[in-house]
Amino acid sequence: MLYGWHPVAQALANTERHLHRLLATENALARLTEELGALRIDAELVRPSAINALLGPDAVHQGLYLEADPLPAPGLDDLPDDALLLALDQITDPHNVGAIVRTAAAFGVAGIVTTARHSPNATGVLAKSASGGLEHVPLIVVRNLAEALIELGARGFTRIGLDSEAEAALDTVGARRPVVVVLGAEGKGLRQRTRECCDVLARIALTGEIRSLNVSNAAAITLYALRRPEG
């Protein structure tokens, strides 16, 4: 279930998405066809109230609602040898996960590893917060995060756990790719078993009075620090 301009427009432009049903207001459909040309699915013209009835009055749907299949995701063995990954350790807030997905798409992250339990589904609020990022960064759902990190380590990935109390500063780690950055839930942080599966724990060097960040902001700063030089 996708709604809002960016999630729906990006999904319609992605031929990997199998589409089922598109609801659109007259103005939203006109904008879609202007931007995308002929659509891959016939739209049902509706009033905004029809979409409100499906999503609730607080959803900012901008006149667009799409039902589609989840995207296929690669396995851990299918990832490129120079991949940059994120791994989420029981981050359950769909707004935070969506913001992380959006940032990951901006920095060319190859995938986000998450678990089937204790994580939000890639739909609704998450997709809206991701602003189309789901079409560019696959969510790789695993049964057990620790086992996935062990497997990635065996493949040569450097596993960096982000921890505000870590001794090492992020800018001193100097990790080469492939690398996976592990993010913990706000408040709880990384679980002990997850920490044990990291090669290094690192903190973002903060100079102000507040010593912790929202997890999506921390992800953005970390991805910027680990980006490849342009050119």
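Counting from 1, position 137 in the sequence shown corresponds to residue 175 in my numbering; the numbering is continuous, with no gaps.
Idealized CB from N, CA, C, for every residue including glycine.
Specify, as a first and last residue, the run of the alpha helix (DSSP H) that Val135 falls within.
For Val135, the enclosing alpha helix (DSSP H) begins and ends at Pro132 to Ala144.
If the criterion is Cβ atoms closer than 9 Å, does the pair Leu221 and Ala125 meet it?
The answer is yes: Cβ separation under 9 Å.
What span of residues does the alpha helix (DSSP H) with His44 cover, start to end?
First-last of the alpha helix (DSSP H) with His44: Trp43 to Ala51.
Which same chain residues end up closer than 7 Å to Leu190 when comparing Cβ atoms and leaving out the 5 residues on each side of it in sequence?
So the list reads Leu114, Arg197 and Val218, once near-sequence residues are dropped.
By DSSP, does Arg214 sit in helix, in strand, or in coil?
Arg214 falls in the coil class under three-state DSSP.
Count the other C-beta atoms from every protein chain shown that fall within 10 angstroms of the C-beta of Gly269, then say buried if there are 16 or more, exposed otherwise.
Low confidence applies here, because Gly269 scores a pLDDT of 46, under 50, leaving its location unreliable and the question unanswered by this model.
Kindly indicate which three-state DSSP category Ile248 falls into: helix, strand or coil?
Annotated three-state conformation of Ile248 is coil, per DSSP.
Using only the alpha-carbon positions, how far apart do Arg231 and Leu187 sit?
Rounded to the nearest angstrom, the gap between the Cα atoms of Arg231 and Leu187 is 10 Å.
Short check: CB of Val238 to CB of Leu177, under 9 Å?
No, the Cβ-Cβ distance between Val238 and Leu177 is not below 9 Å.
Alpha carbon to alpha carbon, how far is Val98 from Glu64? Give it in angstroms, no decimals.
Going from the Cα of Glu64 to the Cα of Val98 covers about 16 Å.
Using a Cβ-Cβ cut-off of 6 Å (strictly less than) and excluding sequence neighbours within five positions of Gln128, which residues of its own chain qualify?
If the five residues before and after Gln128 are omitted, its C-beta is found closer than 6 Å to the C-beta atoms of His156 and Ala223, all from its own chain and listed in chain order.
How big is the Cα-Cα spacing for Pro45 and Leu77?
Approximately 15 Å, taken between the alpha carbons.
Whose CA, out of Ala257, Ala142, Cys236 and Val135, lies closest to the CA of Ala184?
Nearest to Ala184 by alpha-carbon distance, out of Ala257, Ala142, Cys236 and Val135, is Cys236.
Residues bridged to Glu82 (per DSSP):
DSSP, once it has assigned bridges, lists Leu61 as partnering Glu82.
Do Val179 and Thr152 have their CB atoms nearer than 9 Å?
Yes, the pair counts as a contact, with Cβ atoms nearer than the cut-off.
Hey, how far is the Cα of Arg193 from the Cα of Pro112?
Taking the CA atoms as reference points, Arg193 sits about 15 Å from Pro112.
Give the straight-line distance between the Cα atoms of His56 and Ala47, rounded to the nearest whole angstrom.
Those two C-alpha atoms are separated by around 14 Å.
Span of the beta strand (DSSP E) holding Arg197?
Counting along the chain, the beta strand (DSSP E) containing Arg197 begins and ends at Thr196 to Leu200.
Could you check where the alpha helix (DSSP H) with Arg193 kicks off and where it finishes?
For Arg193, no alpha helix (DSSP H) encloses it, and the DSSP letter there is neither H nor E.
My output table needs one value for Gly171: the three-state DSSP class, helix, strand or coil.
Gly171 falls in the helix class under three-state DSSP.
Close Cβ partners of Asp119 (< 7 Å) along its chain, the five nearest in sequence each way excluded:
Pro216.
Let me check understanding here. Comparing Cα to Cα, which of Ile79, Ala206 and Phe145 lies closest to Ala240?
Out of Ile79, Ala206 and Phe145, Ala206 has the C-alpha closest to the C-alpha of Ala240.
Report the option in Tyr103, Arg85 and Val253 whose CA atom is closest to the CA atom of Leu93.
The shortest Cα separation from Leu93 among Tyr103, Arg85 and Val253 belongs to Tyr103.
In its own chain, which residues sit with a C-beta less than 6 Å from the C-beta of Arg214, not counting the 5 before and 5 after it?
Excluding positions up to five away in sequence, the list is empty.
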